[in-house]
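Input: a single structure, listed below in structure tokens.
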Amino acid sequence: MKINHPSFLPRGFFSRALVSLVAVVAVLLFSATLDKQRAYAKSKFIAIGTGGPTGVYFVVGNAICRMVHKEAAEGRKKGRKHGLRCSAPSTAGSNYNIGQIRAGELDFGVAQSDWQHHAYNGTSKYEGKPFKKLRAVFSVHPEPFQILVGRRSGIRNWQGLKGKRVNIGNPGSGQRGTMEVLMKIHNTTKSDFASATELTSSEQSKALCDGNIDAYGYTVGVPNAGVAQAADGCGASIISLTTDPIKKLVADNAYYAFAVIPRGTYATTRRDVKTFGVKATFVTSAKESEASVYEVVRAVFENLSDFKKLHPAFSRLQPKQMIEEGLSAPLHKGALKYYKEKGWK
Ligand code: GLU
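Count along the sequence shown from 1, add 44, and you get the number used in our numbering.
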């Protein structure tokens with residue numbers, strides 16, 4: 045059927061209208077895509093690697109995200125928009141986090157100061173593969189290295205671990221690395237133990253209380269819910285670590301310091317426990333943008349008193365120590381920018 049062209053419309057009207065319509069729709073679609081792209085560029089998701097769900101790193105990562113989101117909400121009211129969204133999943137720990145930052149899978153991570161040092165300098169387990177783009181952001185709480193022993197294990201010191209079932213920690217965790225360092229300086233090998241298990245930090249206390257292992261090593265802030273599960277829950281105790289090789293280790297390496305777990309911390313801490321420890325540190329890559337590191341740092345330090353309330357291990361945090369102690373990789377430029385603005389650097 046043929047439709048006659050209405051005589052009151054000029055010739056070619058329909059085809060011209062169709063072309064204009066297509067053009068208008070195309071322009072609309074194009075600008076909508078541009079808007080969308082602009083919105084994506086403005087909002088960025090950052091992922092922070094932490095540790096086991098019962099550890100303190102998990103609280104560090106989630107406390108940082110909380111401050112980032114708090115700044116986002118308050119900034120929106122004042123017209124200051126940073127566009128960051130943050131998540132802090134549980135991970136295998138320090139060395140896993142450093143590896144994932146290097147691989148570009150995580151933006152930030154929490155890591156022990158000894159492993160930050162080794163990763164940047166290419167020493168210890170990073171021998172021959174230094175991570176020169178690793179950047180320090182700030183340090184957080186102190187982490188004493190602790191050996192928890194079962195109530196009936198009879199273990200009193202490092203030598204007492206011989207012939208026992210010892211959890212040396214999951215691969216990727218900071219404690220696994222530090223346990224290996226301790227084994228090396230004491231000439232202890234896995235075969236000196238009845239067994240060397242690789243349980244994660246959230247499994248080890250139950251294993252100790254159930255009598256499936258005799259001891260475990262853990263580098264963690266004080267107090268810690270996971271340690272309390274064994275120390276308060278089934279009478280496990282933390283032994284002092286004061287051997288000559290440990291004294292030498294601390295004297296030779298700036299990223300270690302002697303540490304004391306005060307009497308009364310847990311039900312079985314009847315006197316001060318003398319050990320050594322590291323600092324928990326917050327790290328990223330030089331590839332992370334100056335703007336995002338600046339905003340994360342700003343969110344934490346502008347809200348430091350709120351941050352400190354989120355875990356008792358944070359109660360003594362002070363900006364001066366946080367930007368100096370335990371950092372061996374260079375500071376990220378976004379962090380440095382904020383510290384300079386504050387007159388701290
Ligand atoms: N220091 C431990 C690690 O590097 C984690 C401790 C924690 O989760 O608080 O893996």
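No residue lacks a Cβ here, since even glycine has one placed at the ideal position from N, Cα and C.
So, at 6 Å on beta carbons, what are the nonlocal neighbours of residue i in its own chain, with the 5 sequence-adjacent residues on each side left out?
i: R209; result: A238, S239, I257, D258
i: H162; result: S168, Y170
i: T222; result: F189, T263
i: E346; result: none
i: S157; result: Y299, V322, K323, T325, G370
i: A379; result: V181, V337, V341
i: G194; result: L252, D258, A280
i: Y383; result: I367, K389
i: L78; result: Caution applies to L78, whose pLDDT of 47 falls short of 50 and renders its modelled position unreliable; the model cannot decide the point.
i: P97; result: S134, S246
i: A471; result: Summary: the structure shown does not reach residue 471, with the chain confined to residues 45 through 389, and so no result is reported for it.
i: G255; result: none
i: S249; result: G270, Q273, A274
i: N106; result: A132
i: V104; result: V154, V184
I think residue i touches residue j, with their Cβ atoms under 8 Å apart; what is that distance to the nearest whole Å?
i: S349; j: Y299; result: 28 Å between Cβ atoms; not a contact.
i: V340; j: I108; result: 7 Å
i: A39; j: I92; result: Residue numbering for the chain in the displayed model covers 45 to 389; residue 39 lies beyond these limits and cannot be assessed.
i: T244; j: N214; result: 5 Å
i: K88; j: S281; result: At roughly 46 Å, the Cβ-Cβ gap does not stay under 8 Å, so K88 and S281 are not in contact.
i: H185; j: V100; result: 7 Å
i: E242; j: I212; result: 7 Å
i: G218; j: N139; result: 7 Å
In terms of DSSP beta bridges, what is residue i paired with?
i: F351; result: None, per the DSSP bridge assignment.
i: V322; result: E187
i: R179; result: T328
i: A303; result: T319
i: T241; result: N211
i: V154; result: F326
i: A12; result: In this structure the chain extends from 45 to 389, so residue 12 is not present and cannot be described.
i: T233; result: DSSP, once it has assigned bridges, lists no residue as partnering T233.
i: A259; result: V193, V210
i: I108; result: DSSP lists no partner for I108.
i: M375; result: One detail in the question is off: residue 375 reads as Leu in this sequence, not Met. L375 is bridged to A180.
i: I283; result: I191
Which same chain residues end up closer than 7 Å to residue i when comparing Cβ atoms and leaving out the 5 residues on each side of it in sequence?
i: E332; result: D151, H376
i: A83; result: With a pLDDT of 43 at A83, under the threshold of 50, the modelled position of this residue cannot be trusted, and the question is left open.
i: T309; result: V266, P267
i: S197; result: K208, D258, A259
i: R314; result: R307
i: K80; result: Residue confidence is low: K80 scores 45 on pLDDT, short of 50, so the model does not pin down where it sits. No coordinate-derived value is stated.
i: P174; result: Y164, N165, G166
i: R400; result: An answer regarding residue 400 cannot be provided, because it is not within the stretch 45 to 389 covered by the chain.
i: D236; result: K206
i: K381; result: E334, Y338
i: R200; result: I283
i: G216; result: A136, G137, N139, Y140
i: G172; result: G166
Among residues of its own chain, excluding the 5 on either side of residue i, which ones have a beta-carbon nearer than 8 Å to its beta-carbon?
i: V327; result: N141, I142, I145, F152, G153, V154, A155, Q160, L178, R179, A180, V181, A373
i: E115; result: H126, E339, R342, A343, E346, N347
i: F320; result: P188, F189, L285, I290, L293, V294, Y300, A301, F302, A303
i: L361; result: V184, H185, L348, F351, K352
i: A311; result: A275, D276, G279
i: K305; result: According to the sequence provided, residue 305 is Ile. The question's Lys does not apply to it. Only P188, Q190, V266, I282, T313, D316, V317, T319 meet the Cβ criterion.
i: K386; result: F345, P363
i: G148; result: S329, K331
i: H113; result: R129, C130
i: S359; result: K352
Got a sec: does the ligand MG put a non-hydrogen atom nearer than 7 Å to the Cβ of residue i?
i: E149; result: In the structure on display, the ligand MG does not appear, and the ligands it does have are the ligand GLU.
So which residues touch the region around the ligand GLU, with touch meaning a C-beta under 5 Å from any heavy atom? Those residues, listed in chain order, are G95, G99, V100, Y101, G137, S138, Q156, S217, G218, T263, V264.
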